Structures are given as C-alpha cells and as structure tokens.
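**Q**
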Amino acid sequence: MTKQRKLKDLIRARMEKTGERYSTARLRILLSGVGSGGLELHQAAGYLFSPGICRDTGAATNFLRALGVRDSATGEPLSEALVTGLSGGVGFLYMVFEYTGLPPMLSVLMRYDTSADQFVIGGLKRLGLDLEIKETTSAKAAEKSLEEAIGAGCPALCVVDSVTLTDSLMPAMLKGMVPTVVTVTGEQGGELLIDTGSIGPVRVSRHEFAAARAAFKKGKHRMVTLRGNPDLADLAGAINGAIAGTADRYTNAPYKGYASNFGLAGMEKWHRLLTDPKDKKGWAKLFPDNQAACLGLRRAYMGIHHEMTPPGGGRGVYAAFLRQSAEITGNDRYLLAADAFDAAGERWGAIEDAIASCGVLDVASGCGLLDEYGALLDAQQDTRVPAVTDLKGRLDALTASSELDHARALEIYSDLAGMLGEAIKCEKAAHQRLLDALN
Numbered sequence: 003m004t005k006q007r008k009l010k011d012l013i014r015a016r017m018e019k020t021g022e023r024y025s026t027a028r029l030r031i032l033l034s035g036v037g038s039g040g041l042e043l044h045q046a047a048g049y050l051f052s053p054g055i056c057r058d059t060g061a062a063t064n065f066l067r068a069l070g071v072r073d074s075a076t077g078e079p080l081s082e083a084l085v086t087g088l089s090g091g092v093g094f095l096y097m098v099f100e101y102t103g104l105p106p107m108l109s110v111l112m113r114y115d116t117s118a119d120q121f122v123i124g125g126l127k128r129l130g131l132d133l134e135i136k137e138t139t140s141a142k143a144a145e146k147s148l149e150e151a152i153g154a155g156c157p158a159l160c161v162v163d164s165v166t167l168t169d170s171l172m173p174a175m176l177k178g179m180v181p182t183v184v185t186v187t188g189e190q191g192g193e194l195l196i197d198t199g200s201i202g203p204v205r206v207s208r209h210e211f212a213a214a215r216a217a218f219k220k221g222k223h224r225m226v227t228l229r230g231n232p233d234l235a236d237l238a239g240a241i242n243g244a245i246a247g248t249a250d251r252y253t254n255a256p257y258k259g260y261a262s263n264f265g266l267a268g269m270e271k272w273h274r275l276l277t278d279p280k281d282k283k284g285w286a287k288l289f290p291d292n293q294a295a296c297l298g299l300r301r302a303y304m305g306i307h308h309e310m311t312p313p314g315g316g317r318g319v320y321a322a323f324l325r326q327s328a329e330i331t332g333n334d335r336y337l338l339a340a341d342a343f344d345a346a347g348e349r350w351g352a353i354e355d356a357i358a359s360c361g362v363l364d365v366a367s368g369c370g371l372l373d374e375y376g377a378l379l380d381a382q383q384d385t386r387v388p389a390v391t392d393l394k395g396r397l398d399a400l401t402a403s404s405e406l407d408h409a410r411a412l413e414i415y416s417d418l419a420g421m422l423g424e425a426i427k428c429e430k431a432a433h434q435r436l437l438d439a440l441n
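Below you can see the structure in the form of structure tokens.
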C-alpha cells in the first residue's frame with residue numbers, strides 16, 4: 003500500500019471519529035509522529051519524501067534530513083515543528099489590498115515572516131550550518147549552479163514563484179509575487195525531481211523549473227546547498243535566538259510604516275475594523291455584502307486555516323516546538339508558553355469554524371472547497387493538477403454568485419469580533435509567557 007493511501011486512510015478515520023476537517027485531522031496525525039514509523043514514505047535516490055505539515059517547511063525538513071543534519075543529543079533528524087520554530091514560528095499580519103475593478107483582497111497571515119523564502123532560509127541560517135547561498139540575476143548562471151549540485155548528488159533548496167510552479171490557489175495576477183521554497187532532489191528521465199512538501203516527487207522539466215525560478219525576480223534565483231559538514235554547533239542557542247525573535251515580532255513590525263499591521267497591533271486593528279461602521283477601511287464598507295463579503299470571509303478562513311499555516315493559525319505546531327525546545331534547552335518555562343499557545347490555537351480554531359459554519363451557503367461551500375484543496379495536495383501529481391484547476395473555477399463561480407446581504411454580513415462580523423477579542427487575550431498571555439521564559 004502506498005503512503006498516500008495510508009495517510010488518507012488515517013485522516014479519514016480520524017475525521018469520522020472526531021468530526022474534524024481534513025486539514026485539522028491531517029495536522030494531528032503528522033504532529034503525533036506517525037510518519038516516522040507508521041507510514042511508508044516515498045524514496046528516490048535515497049531522498050525521503052515525508053509530507054509536510056506546511057509545504058515549504060516540509061520540503062526544508064526533508065532537505066535537512068537528506069543533508070544528514072541531526073540533533074546531536076538524540077541522533078534524530080530535526081522535526082518539522084522544530085524547523086518551523088527555528089524559522090520564527092508564529093506571528094500575525096493584517097492587510098487589505100485594493101485593485102481597481104476587483105473586490106478588496108484580504109490577507110490574514112499567521113506566521114513570523116510573510117515571505118516563505120525568507121521564513122525558511124532564515125531558519126536554516128539560524129542553525130549555523132556551513133551553507134552556500136547563491137544568488138544571481140543570470141538564468142544561465144543559475145542553471146549551471148543547479149546542474150553542478152545535481153551532478154554532485156547534492157539536494158538543493160531553491161526559491162521559486164509558487165503561482166508558476168506549485169498547485170497554488172493564488173490568482174494569476176499575483177504571479178511573480180508569492181515565493182516559496184522547494185528542494186531539487188535529482189533527475190530522472192530528463193526531468194527534475196522536486197520536493198514540494200507533498201507526498202512524493204513532482205516531476206518538472208528544466209524549462210518549467212527555470213521559468214519558476216526566474217518569475218520571482220526578487221529571489222535572484224536563490225539556491226541553498228551544504229558546503230561543509232552537517233554538524234550543529236549550538237542547537238539550544240539557535241532555539242533561544244529564534245524564540246527571542248518571535249517574541250520581538252509581536253510588538254515590533256519588520257517594515258517601517260506598517261506598525262499597525264503586524265503582531266498584536268495588527269490583531270487589534272482587525273478587531274476594531276470588523277465592527278467600525280464609520281471607518282472607510284472597516285468591514286462594513288470594504289466587505290459590505292455579496293461577492294466582497296463572501297471573499298473577505300473566505301480569505302480570513304484561508305489565512306487562519308490554510309495559507310502558509312496549519313489550522314488554528316499554526317499555534318499548535320508552535321506549542322509542539324516549544325515543548326521540544328524545553329527538552330533541548332532545559333528551560334522548563336517554555337512548557338508554560340506551549341500551553342498558552344495551545345489555548346490561543348483553540349481560539350483561532352473557533353474563528354475558522356465559525357466562518358465555515360456561518361450558515362451562508364456560498365461562504366460555507368467555499369470553505370469546504372478549500373478543505374478539498376488541502377486533500378488534493380495529498381494526491382498524486384497526475385490527478386492533482388487538473389483537479390486543482392477545476393477547483394479554482396468552482397471557487398470563482400461561488401464568489402461571483404454570492405448573495406450575502408449586508409445585515410447578515412454585519413451579524414457575522416460582530417460574532418467574529420467577539421471571538422477575535424478572546425483570541426487576542428490568549429495571544430497576549432502567550433506572548434508574555436515567551437518573555438517570562440526568556441528573562
């Protein structure tokens with residue numbers, strides 16, 4: 003039996019038992035560590051493809067395992083929760099993008115860094131490994147470096163445009179603006195074998211892959227390989243530094259002029275705008291009804307449950323990281339922080355559940371399709387690609403036909419504001435636990 007069938011069987015069984023959505027059940031199973039012994043993982047040329055909790059951190063975790071990076075105390079590969087936490091783990095961003103002729107596009111992002119390449123590569127750098135990070139504006143030079151890595155049998159972590167390469171639900175208008183990381187593990191039959199954090203290798207022609215690397219121009223064809231040995235000099239120090247960075251991000255924005263959009267300030271801003279009838283950026287005006295309201299609610303659900311995050315805004319994964327951190331560093335105060343982040347995750351989970359079960363058919367059906375998308379990512383490449391294309395069309399049709407009236411939209415926003423207020427209380431408590439553990 004293939005790993006795909008075993009994983010889906012476990013997920014479906016848990017869904018029937020608990021009533022959880024696909025992504026939530028999948029998260030619980032993968033966090034339990036069942037993949038380390040209970041699942042048959044795909045291998046190609048010695049590279050192990052383990053499905054990621056998130057696709058980018060999954061690919062990075064597999065990349066580190068293939069390089070031979072281990073926790074020196076246990077001899078075990080680093081877990082995805084540990085890699086996620088070392089990359090900064092959790093955070094918050096609230097932004098609304100407005101384009102002429104289109105409904106406002108909400109972005110609620112729950113990670114430390116909103117750019118997947120900076121998030122993951124930042125975590126790799128924090129480990130202190132002897133990495134070679136190459137950047138070039140020359141496609142020819144980039145291709146040469148990649149071919150050298152393939153020829154040497156070395157996995158290479160590459161920055162690509164997710165809209166161009168992966169099975170993304172992002173609109174085509176964002177092509178070249180949404181980076182992610184994947185690992186080139188080798189070649190077979192003239193095609194590259196790519197680890198996207200899915201259940202097995204994605205086969206891509208060299209031409210397609212070059213186009214995906216070039217599409218994200220800011221990435222400059224960035225590629226990461228291991229130059230020296232895979233030994234970790236100070237894992238505990240890397241963990242403490244990562245946690246300090248996460249705590250700081252809660253109150254300090256990474257970009258000037260956006261202080262009100264990030265961290266606790268961003269949460270408070272969203273909380274206020276959900277029910278402020280006068281502010282021109284409030285939800286009553288930006289997402290008044292019909293298509294705009296449907297899309298706004300669905301984007302909120304996607305940001306908390308799917309987009310670059312596991313369900314519950316990734317707080318449960320960060321709690322798992324903190325528990326591992328307590329063991330590695332000997333700092334038991336991280337355990338108290340872990341409990342606080344679990345509590346915050348429950349509050350975010352309540353918000354995503356409320357959106358998905360709000361009683362508005364177009365919203366609920368759209369959230370169901372997003373859950374279906376999560377399941378598609380565990381399908382084989384030949385069946386996944388056409389299915390994702392079909393799903394995009396169904397989502398667009400649902401949005402276009404939405405008939406969510408203004409009064410009902412305001413009721414939903416008011417309910418969400420109440421739940422968001424509770425989530426913010428938990429987030430403040432979790433943040434304080436981090437500060438206490440660091441002092």
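Following my numbering, the numbering of the sequence shown begins with 3 at its first residue and continues without gaps. Just so you know, even glycine gets a beta-carbon here, dropped at the ideal spot from N, CA and C. Bear in mind that the values here come from a model prediction, so they are computed numbers and not experimental data.
(1) Measuring CA to CA, which of A118, S52, A295 and C160 is closest to P105?
(2) Any beta carbon of chain B sitting closer than 9 angstroms to that of L436?
(3) Can you list, in chain order, the stretches of the alpha helix (DSSP H) that have 4 or more residues and sit fully within the stretch 326–405?
(4) Relative to the C-alpha of T227, which residue among E137, D392 and R208 is closest?
(5) For C156, which of helix, strand or coil comes out of DSSP?
(6) Quick check on L29: does DSSP put it in helix, strand or coil?
(7) Keeping to the same chain, check which residues put their C-beta closer than 8 angstroms to that of R325; ignore five residues upstream and five downstream.
(8) Which of the three DSSP states is assigned to K427 in this structure?
(9) Return the chain-ordered list of same chain residues with a C-beta closer than 8 angstroms to the C-beta of A174, the five sequence neighbours on each side being excluded.
(10) Okay, do the stretch 234–244 and the stretch 74–93 touch, 3+ Cβ pairs below 8 angstroms being the bar?
(11) Please list the terminal residues of the continuous alpha helix (DSSP H) segment that includes E137.
(12) By Cβ distance below 6 angstroms, which residues in the same chain neighbour T59 in space, the five residues on each side in sequence not counted?
(13) Specify, as a first and last residue, the run of the alpha helix (DSSP H) that I201 falls within.
(14) Among the candidates A431, A302, D384 and M17, whose CA atom is the shortest distance from the CA of M107?
(15) Do you know whose CA, among L266, L378 and A352, lies nearest K10's CA?
(16) Which residue's Cα is closest to the Cα of A216: D163, I201, I241 and E193?
(17) Give the straight-line distance between the Cα atoms of G395 and L371, rounded to the nearest whole angstrom.
(18) Among Y320, G153, L32 and A46, which residue has its Cα nearest to the Cα of S89?
(19) Taking a contact to mean a Cβ-Cβ separation below 9 angstroms, would you say M225 touches Y96 in this structure?
(20) Measure the C-alpha to C-alpha separation of F94 and C369 and round it to an integer number of angstroms.
(21) Can Y415 and A286 be called in contact, C-beta distance under 9 angstroms?
(22) Look at the alpha carbon of A356 and the alpha carbon of R300, and state the distance between them as a whole number of angstroms.
(23) Is M112 near W350, with beta carbons less than 9 angstroms apart?
(24) Let me confirm a value: H209 is counted as buried when at least 16 other C-beta atoms fall within 10 Å, else exposed. Which label applies?
(25) Quick check on R300: does DSSP put it in helix, strand or coil?
(26) Could you check which residue in S74, P53 and R23 has the C-alpha nearest to that of F65?
(27) Going along the chain, which residues of its own chain have a beta-carbon closer than 8 angstroms to the beta-carbon of R57, five neighbours each way excluded?
(28) Distance check for L363 and L171, CA to CA, integer angstroms please.
(29) Return the chain-ordered ranges of every beta strand (DSSP E) run that is complete within the stretch 220–274 and spans a minimum of 3 residues.
(30) To the nearest angstrom, how far is it from the Cα of A345 to the Cα of C428?
(31) So, using beta-carbon positions, are L436 and T311 closer together than 9 angstroms?
(32) Please classify A47: does DSSP put it in a helix, a strand, or coil?
(33) Could you check if I306 is buried or exposed, using at least 16 other CB atoms within 10 Å of its CB as the buried criterion?
(34) Excluding five sequence neighbours on each side, which residues of the same chain lie with their C-beta closer than 7 angstroms to the C-beta of T331?
(35) Can you say whether D119 is buried or exposed, counting buried as having 16 or more other CB atoms within 10 angstroms of its CB?
**A** Based on what the coordinates show:
(1) Of the candidates A118, S52, A295 and C160, the one whose C-alpha sits nearest the C-alpha of P105 is A295.
(2) In the structure shown, chain B does not exist; there is a single protein chain.
(3) Every alpha helix (DSSP H) of 4 residues or more that sits fully in the stretch 326–405 is shown, in chain order, as 335–358, 363–378 and 383–402.
(4) Out of E137, D392 and R208, E137 has the C-alpha closest to the C-alpha of T227.
(5) Secondary structure at C156: coil, using DSSP grouped into helix, strand and coil.
(6) Correct three-state label for L29: helix.
(7) The answer, listed in chain order, is Y336, L337 and A340.
(8) DSSP places K427 in helix when its eight states are reduced to three.
(9) Contacts found: V165.
(10) These segments touch.
(11) If you look at E137, you'll find it isn't in any alpha helix (DSSP H); DSSP assigns it neither H nor E.
(12) Cβ-Cβ distances below 6 angstroms link T59 to E82, V85 and T86 in the same chain, with the five nearest sequence neighbours on each side left out; the list follows chain order.
(13) Segment: none, I201 is in no alpha helix (DSSP H) and carries neither H nor E.
(14) Among A431, A302, D384 and M17, the Cα nearest to that of M107 is on A302.
(15) Distance check between K10 and each of L266, L378 and A352 places L378 closest, using alpha-carbon atoms only.
(16) Comparing alpha-carbon positions, the option among D163, I201, I241 and E193 lying closest to A216 turns out to be D163.
(17) For G395 and L371, the distance between alpha carbons rounds to 11 angstroms.
(18) It is Y320 whose Cα lies nearest to the Cα of S89.
(19) No; because the gap between Cβ atoms is not below 9 angstroms, this pair is not in contact.
(20) Cα to Cα, F94 sits roughly 21 angstroms from C369.
(21) Taking 9 angstroms as the cut-off, the Cβ atoms of Y415 and A286 count as close.
(22) Roughly 11 angstroms separates the two Cα atoms.
(23) At the C-beta level, M112 and W350 come within 9 angstroms of one another.
(24) Taking every protein chain shown into account, the CB of H209 has fewer than 16 other CB atoms within 10 angstroms, so this residue is exposed.
(25) Helix, per DSSP.
(26) Considering only alpha carbons, the answer is P53.
(27) For R57, same chain residues with a beta-carbon under 8 angstroms away, outside a window of 5 residues either side, are T168, T182, T198, G199, S200 and L379 in chain order.
(28) Looking at the backbone, the Cα of L171 and that of L363 are separated by about 21 angstroms.
(29) Runs of the beta strand (DSSP E) spanning 3 or more residues and lying entirely within the stretch 220–274 occur at 225–228, in chain order.
(30) C-alpha separation (whole angstroms): 7 angstroms.
(31) Result no, Cβ atoms of L436 and T311 do not sit closer than 9 angstroms.
(32) A47 falls in the coil class under three-state DSSP.
(33) Buried is the call here.
(34) Result list for T331: A238, I241 and N242, in chain order.
(35) Looking at its Cβ environment, which holds 16 or more other Cβ atoms inside 10 Å, D119 is buried.
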